[in-house]
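Trainee:
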Amino acid sequence: MKILKLEDYQKAGEHFWSKYWYVSKELGEGAKTEDILRVMETLGAVALQFKNEEDKEGPFGFNKKKDDTEKE
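Per my numbering, residue 1 is the first one in the sequence shown, and the count goes up by one each step.
(1) Hey, could you find the ends of the alpha helix (DSSP H) Leu27 is sitting in?
(2) Does the beta-carbon of Val23 have 16 or more other beta-carbons within 10 angstroms, so that it is buried, or is it exposed?
(3) From Met1 to Asp8, what does the alpha carbon distance come to, in whole angstroms?
(4) If distances are taken between C-alpha atoms only, which option among Phe50, Met40, Leu6 comes closest to Trp17?
(5) So for Met1, helix, strand or coil by DSSP?
Listed below in structure tokens is the structure:
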């Protein structure tokens with residue numbers, strides 16, 4: 001079993017807290033921690049979908065769409 005050190009928490013915190021405070025600010029002053037974490041989870045899933053779409057390489061093979069300028 002691995003033991004987490006303070007440095008591990010600090011490194012993770014650099015990623016986590018900026019996202020947490022961003023969502024907290026967007027939800028407003030009355031937002032509860034539970035609500036913030038739920039929105040973070042959902043927003044992370046949406047962001048991952050966008051990232052995956054950006055990383056997709058164009059269609060290959062028979063599924064490739066032809067340009068209007070190409071001659072058949």
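Beta carbons are placed, not taken as given, at the ideal position from N, Cα and C, and that holds for glycine.
From a predicted model like this one, the values you see are computed outputs, not experimental measurements.
Mentor: So, to answer that:
(1) 6-27
(2) Buried is the call here.
(3) 15 Å
(4) Met40
(5) coil
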